[in-house]
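Beneath this line is the structure, given in structure tokens, with notes to follow.
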Amino acid sequence: MKKFKLADNGKARACIVIPDGATPVEISAACELHRDIKQITGAKLAVIREGALESGGAADKTVANAELTADARGHRIYVGATRAAAAAGVERAEWPYDAIAMKTVGDALFLCGHPVRGALYAAYVFLEEVLGVRWWTDTESSYPIANSLAIGALDHFHAPKVQFRETFYRACFDGKFRSRLKLNFFTGAGYRGRKMENVPPELGGDHRFCRAGHGDIRHVYHTFYALIPPKVYFEDHPEWFSLVDGKRTHARAQLCLTNREMEAQLIKNALKCLREDPSADFIQISQNDNAGRCQCPDCLAVEAEEGGAASGPLIRFVNRVAEAIEKEFPNVLVDTFAYTYTRQAPAKAQPRRNVTVRLCDIESDFARPLAEGKLNASFMDDLEAWSKVAAGRLYIWDYVTNFSAYMLPHPNYDVLAPNLRTFVEYGAIGVFEQGDVYCAAGEFADYRTWLLSHLMWDPSRDAGERRREFLDGYYGKAGRKIGRYMELIAKSAAASPNRMRCYRDNTARWIPTPVLAEARRVMEAALADACAQDTAEGCAHGYATRVRRQKLGIDYACILNWFDLHDHLGLATDADAQRLAKLEWIRDCRAFGVYAHREVWGRKAEIFDDHVDWLLDFERGLEEYHLNME
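Counting from 2, one number per residue, gives the positions in the sequence shown under my numbering.
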């Protein structure tokens, strides 16, 4: 096939064709193509309706302000469900969810897919994988520069096995960025006056949970007390709540899942919430984020019937609630957790057709892939069991940060891809990757956002190749040393016999002092490379700023392990020098807008201020440091 020309010497050599009755998503896809090809080449590709093209009509300037020249009529980019795509056999009567197709046929390029988002996703994949556009973060992108642009033959079809995809990071507050990363689920978050944006309808929208609750108390997860608040119901109905140690209680407890009166009230309240939030297509009916399950005779009897699994009463209860919800809201999925004490799958109960089960791996070792080693064996047993019990309805909640210290090194870099492949192997239809959404300088947060999104879209891609691509593109000439830094501490963590959990205040258990010292040296060398490149290029990319933000993590680890590090290096453990290092680190954190250095559920937004007070209290900090090491 001869080359398919898009632009020649800054002039358009192709046009973008949309259906006569193009949907908002198809129009958005055409706009994205027009804008980014112009960014690359300077050429303005006209957008024209299919009927107008066939009749010799003019371009649609309401979509893109560009004239259709004679030279641009020869090559056509058909976007969405056009007649030409159907005639060429590219358009389908039925598409797998979010599936896309990119195919050249003669002088035509077809970009189409599932009617909800397929055309837009096909445009994004074309821009990224074929033309080389990169959206690194919500504010940082890179585009190749070429006056002339042509492509070879294309024949690509992809249907993502992970149907529901979400990463929980700060950059994902931006709805358009989430769309570009092909993330289609919205949990929602807010911090310091900024709220996470939905993906707008013209970009395909997203799936989201109903905000369940009473009055100002609204939750999307852990909804038992949002739907049956103790302040409203406990005094008159203590029997609706957990029996713990022989007493009915609501303090750090749950609901009594065999109480039918409570169930009826919860159904009533859940239906009310759904009526008030009609665009939601999921609702969680799920345990509170603590223990305290009900131990009344009826609940324990159900557990016994279910092989001792506390998930048995939960799944039976959620099934009954879901059956009632389905009558009024047949398209809403009812979601629940397999989390902590409910992680074991039931022996008999199975989630009904409108129930999804969200299995959580919070107890796992994140230094090694879940499918490897004895530390994660119990989770793998539960994953295998749930893959059978909840076949076709299994969702994964994965934890990919350190919630106790977002900026500390958390070297799970080599487990992200294998774990996603494991989830897909066991039939997960959705994955939620919980990251450090509230931190402006989380450890490799931008990298994880980008990588996890791409791997959820296609877990078969080479993660090592993807890593190199991001590091070289985002950090410039410092990328190679950043990669060396990651390899160094990831190898150390994987070699440690200690479990690397997602709640840890220090790294000493899996990054020994010699490795810490070498990691700091490598990171400082990376910063030197970035500064040199910025100087040579006039700070066109700001590589040094990106490296400095990442360097906060290893600097913090060095402060926490100051005495051992300086003993290892043969340096004096000078208290004044340590205090100066702390002050410089605090200054840099503030410069990058850090207000939350750890998880802040229910905590004040400026939690970092409290940490600063602790960090600068030298004597107390020293004492707690040694206690932590013991």
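Don't be surprised by glycine CBs; every beta carbon is placed ideally from N, CA and C.
Values in this document were obtained by computation on a predicted structure and should not be read as measured data.
Is the beta carbon of residue j closer than 7 Å to that of residue i?
i: leucine 553; j: lysine 583; result: no
i: glycine 90; j: alanine 44; result: no
i: alanine 597; j: isoleucine 587; result: no
i: alanine 47; j: leucine 69; result: yes
i: alanine 362; j: aspartate 336; result: The question names alanine, but residue 362 is aspartate in the sequence shown. In this structure, aspartate 336 does not lie closer than 7 Å to aspartate 362 by Cβ.
i: tyrosine 712; j: phenylalanine 471; result: Nothing about residue 712 can be read from this structure; the chain reaches only from 2 to 631.
i: glutamate 33; j: alanine 124; result: yes
i: glycine 443; j: serine 388; result: no
i: leucine 54; j: valine 18; result: yes
i: arginine 359; j: phenylalanine 330; result: no
i: histidine 567; j: threonine 514; result: no
i: valine 322; j: isoleucine 268; result: yes
i: alanine 100; j: alanine 31; result: no
i: phenylalanine 225; j: asparagine 289; result: yes
i: alanine 13; j: alanine 73; result: yes
i: tyrosine 396; j: threonine 357; result: yes
i: arginine 500; j: leucine 376; result: yes
i: glutamate 419; j: proline 352; result: It should be pointed out that residue 419 corresponds to proline in this sequence rather than to glutamate. Not in contact: proline 419 and proline 352 (Cβ atoms no closer than 7 Å).
i: histidine 208; j: phenylalanine 178; result: no
i: cysteine 503; j: asparagine 355; result: no
i: lysine 190; j: valine 438; result: It is alanine, not lysine, that sits at residue 190 in the sequence shown. Yes, Cβ-Cβ distance for alanine 190 and valine 438 is below 7 Å.
i: alanine 406; j: glycine 594; result: no
i: tyrosine 544; j: methionine 408; result: no
i: arginine 633; j: tryptophan 136; result: Residue numbering for the chain in the displayed model covers 2 to 631; residue 633 lies beyond these limits and cannot be assessed.
i: histidine 157; j: methionine 103; result: yes
i: tyrosine 144; j: valine 134; result: yes
Cα-Cα, which of the options is closest to residue i?
i: isoleucine 555; options: Thr536, Phe445, Ser461; result: Phe445
i: isoleucine 326; options: Gly309, Thr343, Ala271; result: Ala271
i: aspartate 383; options: Thr343, Val416, Arg253, Ala281; result: Thr343
i: threonine 341; options: Ala323, Glu364, Pro201; result: Glu364
i: phenylalanine 380; options: Pro352, Pro410, Phe424, Val401; result: Phe424
i: arginine 580; options: Ile560, Gly58, Asp447, Gly153; result: Ile560
i: arginine 261; options: Arg276, Phe242, Glu277; result: Phe242
i: tyrosine 222; options: Tyr400, Tyr475, Leu128, Ile286; result: Ile286
i: aspartate 618; options: Gly313, Ala576, Phe471, Glu600; result: Ala576
i: alanine 368; options: Leu258, Ala160, Trp511; result: Trp511
i: aspartate 246; options: Cys295, Cys274, Glu236; result: Cys295
i: glycine 393; options: Arg77, Ile17, Arg321, Ile430; result: Ile430
i: glycine 57; options: Gly75, Ala386, Ala65; result: Gly75
i: glycine 480; options: Glu329, Arg468, Ile490, Ala491; result: Arg468
i: isoleucine 49; options: Leu528, Tyr476, Glu129, Ala15; result: Ala15
i: valine 106; options: Lys4, Arg354, Glu95; result: Lys4
i: lysine 273; options: Trp563, Arg462, Arg212; result: Arg212
i: alanine 391; options: Ser461, Gly465, Tyr407, Ile316; result: Ile316
i: lysine 162; options: Arg193, His238, Leu421; result: Leu421
i: lysine 39; options: Asn66, Pro20, Ala60; result: Asn66
Tell me residue i's beta-bridge partners as DSSP assigns them.
i: histidine 76; result: Ala15
i: phenylalanine 169; result: Gln435
i: alanine 102; result: Cys113, Phe158
i: tryptophan 387; result: The partner list for tryptophan 387 (beta bridge, DSSP) is empty, contrary to what the question assumes.
i: leucine 395; result: Val358
i: alanine 8; result: Ala13, Leu150
i: threonine 341; result: According to DSSP, threonine 341 bridges with nothing at all.
i: phenylalanine 186; result: His208
i: lysine 248; result: Val245
i: valine 335; result: Ile284, Val356
So, is the C-beta of residue i closer than 7 Å to a C-beta in chain D?
i: asparagine 270; result: Here there is only one protein chain, and chain D is not present.
Between residue i and the ligand FMN, is the CB less than 6 Å from at least one heavy atom?
i: leucine 228; result: The model on display carries no ligand, and the ligand FMN is accordingly not part of it.
Are the segment 161-174 and the segment 453-463 in contact at 8 Å, needing three or more beta carbon pairs?
yes
Complete beta strand (DSSP E) runs within the segment 261-312 (minimum length 3 residues, chain order)
283-285
Can you confirm whether the segment 250-257 touches the segment 224-231 when touching is taken to mean that 3 or more C-beta pairs between the two stretches lie within less than 8 Å?
yes
Is the segment 189-209 close to the segment 19-30, with three or more CB pairs under 8 Å?
yes
Given 8 Å as the limit, is there contact between the segment 290-303 and the segment 266-281, that is, 3 or more CB pairs closer than that?
no
Is it a yes or a no for the segment 149-156 touching the segment 3-17, going by three-plus beta-carbon pairs under 8 Å?
yes
Taking 8 Å as the cut-off, does the segment 524-534 touch the segment 496-507 (at least 3 CB pairs, one atom from each stretch)?
no
Which runs of the beta strand (DSSP E) spanning at least 3 residues fall entirely within the segment 129-157, listed in chain order?
150-152
Alpha helix (DSSP H) segments (min. 4 residues) lying fully within the segment 458-486
464-476
Could I get the ranges of all uninterrupted beta strand (DSSP E) runs contained in the segment 190-230, with 3 residues as the minimum, in chain order?
213-215, 218-220
Count Cβ pairs between the segment 412-426 and the segment 491-505 that sit closer than 8 Å; are there 3 or more?
yes
Ignoring anything shorter than 4 residues or poking outside the segment 499-545, list the alpha helix (DSSP H) runs there in chain order.
514-538
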